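Here's the structure we're looking at; comments come further down.
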Amino acid sequence: MASLIVAGGGIAGLAAAKAAALAGHEVMVLEQARNFTELGAGIQIGPNGRRALEELDAWDWLRLHVFHPQAIRIRHGGSGRDIGRVPLGEGFRRRFRGTYQVVHRADLLAALLATVEEEPAVSLKTSARVTGFREQDGRVTVLLEDGTELRGDALIGADGIRSRVRAQLLGDRPPRLSGHVLYRALVEREEVPAGVDMENVNLWLNARGHVVHYPVKGGTMFNIVASVNEPWGDNDTWGEPSDAAVVKQVFANAADEVRAVLNTPRSWMRWGGADREPVSTWGRGLVTLIGDAAHPTLPYLASGAVMALEDAVVLMRHLAQEKDLARAFRSYERERQPRTARIVNSSYKLSRIYHATGLMAAGRDVFIRLTSGPASFDRMAWLYDWRP
Ligand SMILES: Cc1cc2nc3c(=O)[nH]c(=O)nc-3n(C[C@H](O)[C@H](O)[C@H](O)COP(=O)(O)OP(=O)(O)OC[C@H]3O[C@@H](n4cnc5c(N)ncnc54)[C@H](O)[C@@H]3O)c2cc1C
């Protein structure tokens, strides 16, 4: 049994901890925050994500908190009409042998925390900010901000898009800004005006912006994400509160339903949309990365967290099969690189297509219409067909 250290206790970090424990190792998770918490926002999980959660023993807890939308409706921002639809009912379930669900991020983290806490081999340490690491004599020393040094056999960096572990490993440039700002809000179901679709994931496409909304917490709350073309300033802070004035301006002439949605929240939080160009490998020696630390993506394929869950399952398999930790890490990275790069690149392309205007928008709508309904399954198969 080796002892692994995981830097970061978000979705990727807790999933990695469970995976390493199931592979027979001891794990210590170091989280910089005082608690294991997630912001109030939603997350979509396709059948591939559900399969990963099952492998990590987190599905039984989470399934009580999910909402199953009937379809993803892709709608015209101006007229409100449906451009296309991905049906998520029986046909989808049969095709992908699994369900599509939306959840509250806090519920996903709680499910992972519950399953991690069942593992005696996992210890959790909060208020522990990792500043760097040293590889020495076939082991890794992890350095914390308060001066503490912790020794382990290997290190997994799960510390998100601005990962300290990645910075030391790869020394690459800051994340790539997309030119979009993302606004998120969560409201009680009762606050949502009558006439707003509460059964489906709605994706509204507009010139220079798009909106996604769906119910979470088993349908008792309502999650809204808006993305608009807007520069992210050097002095802007990720996750800061906002009145979303730019969103309302972009959607000023949009259909009544989406404007009603956008007028519902009393407060929003805003983030600069960012990702990184995929790298050919993200680990070295006894150190690897997982989740956003390895392959941060724009959220337009709704797959960042799900990729982290898949990563964990693949890592688990390689750690179980290969005693040499460095070799297990390299096999895991090799297996995950092509798929995660495809997701990151596809999400980036969607960021240009979703906010298109003029001819490009018209072409996009024709394509969506032609591949609507069950025809959309083939288009999504590469994403949702993933199996452990
Ligand atoms: C608007 C939006 C919508 C999204 N929708 C979806 C969706 O529908 N489906 C989906 O699958 N994904 C979605 N995502 C992506 C998803 O949120 C991320 O990919 C996922 O949260 C990444 O998890 P992570 O654990 O890798 O990173 P993070 O969530 O960033 O977690 C990193 C953790 O590490 C800790 N940490 C950071 N630095 C240190 C340090 N130095 N020392 C110790 N701890 C540290 C942090 O406090 C945090 O707890 C969306 C993202 C956005 C922005």
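Read in order, the letters of the sequence shown are residues 7 to 394 in the working numbering.
Don't be surprised by glycine CBs; every beta carbon is placed ideally from N, CA and C.
Just so we're clear, the structure is a prediction, and the values are computed from it rather than from any experiment.
Between residue 164 and residue 18, the C-beta gap is smaller than 8 Å, which places the two residues in contact.
When DSSP states are grouped into helix, strand and coil, residue 31 belongs to the coil group.
Of 226, 333, 209, 187, the smallest CA-CA separation from residue 304 is found for 187. In this structure, the alpha-carbon of residue 380 lies about 46 Å from that of residue 132. Annotated as proximal: residue 130 and residue 15, with beta-carbon spacing under 8 Å. Short of 6 Å from the beta carbon of residue 64, and not among the five residues preceding or following it, lie these beta carbons of its own chain, in chain order: 117, 118, 121.
Rounded to the nearest whole angstrom, the C-alpha separation of residue 150 and residue 104 is 41 Å. Annotation note: the segment 126-158 contains the following uninterrupted beta strand (DSSP E) runs of length 3 or greater, listed N- to C-terminal: 128-131, 136-142, 145-150, 155-158. In the three-state reduction of the DSSP assignment, residue 97 falls in the helix class. For residue 229, there is no enclosing alpha helix (DSSP H); the residue is part of the beta strand (DSSP E) that begins and ends at 227-235. DSSP places residue 206 in no beta strand (DSSP E); its state is neither H nor E. Each residue's CA atom was taken as its position, placing residue 282 and residue 182 some 5 Å apart. When DSSP states are grouped into helix, strand and coil, residue 123 belongs to the helix group. Relative to ligand 1, the beta carbon of residue 14 is positioned inside 7 Å of a heavy atom.
The beta-bridge partner set that DSSP reports for residue 247 consists of 275. In this model, residue 76 and residue 136 are separated by some 42 Å (Cα to Cα).
Taking 8 Å as the cut-off, the beta carbon of residue 33 is found closer than this to the beta carbon of residue 26. Taking 8 Å as the upper bound for CB-CB distance, residue 138 and residue 146 are not in contact here, some 11 Å apart. Of the other Cβ atoms in all chains shown, 16 or more fall within 10 Å of the Cβ of residue 312; this residue is therefore buried.
Set against 7 Å, the gap from the CB of residue 277 to the closest heavy atom of ligand 1 is smaller.
Collapsing the DSSP output to three states places residue 82 in a strand. Of 337, 310, 88, 352, the smallest CA-CA separation from residue 210 is found for 88.
A distance below 8 Å between beta-carbons, with the five flanking residues on each side excluded, links residue 302 to the following residues of its chain, in chain order: 166, 167, 181, 280, 281, 282, 310, 350.
For residue 198, there is no enclosing beta strand (DSSP E), as DSSP marks it with neither H nor E. Around the beta carbon of residue 272, a 10 Å sphere encloses fewer than 16 other beta carbons of the protein chains shown; the residue is thus reported as exposed. Just measuring C-alpha positions, the residue of 206, 251, 227 sitting nearest residue 215 is 251. Taking a C-beta distance under 8 Å as the contact criterion, residue 112 and residue 46 qualify as a contact pair.
When DSSP states are grouped into helix, strand and coil, residue 106 belongs to the coil group. For residue 42, the three-state secondary structure derived from DSSP is coil. Set against 7 Å, the gap from the CB of residue 37 to the closest heavy atom of ligand 1 is smaller. Put simply, of 366, 73, 237 the residue whose alpha carbon is nearest the alpha carbon of residue 213 is 366. Distances from the alpha-carbon of residue 194 to those of 323, 377, 229 put 229 closest.
Between residue 73 and residue 108, the gap from beta carbon to beta carbon is short of 8 Å.
Here the alpha carbons of residue 306 and residue 376 stand approximately 20 Å from one another. Residue pairing by DSSP puts residue 188 in a beta bridge opposite 233, 277.
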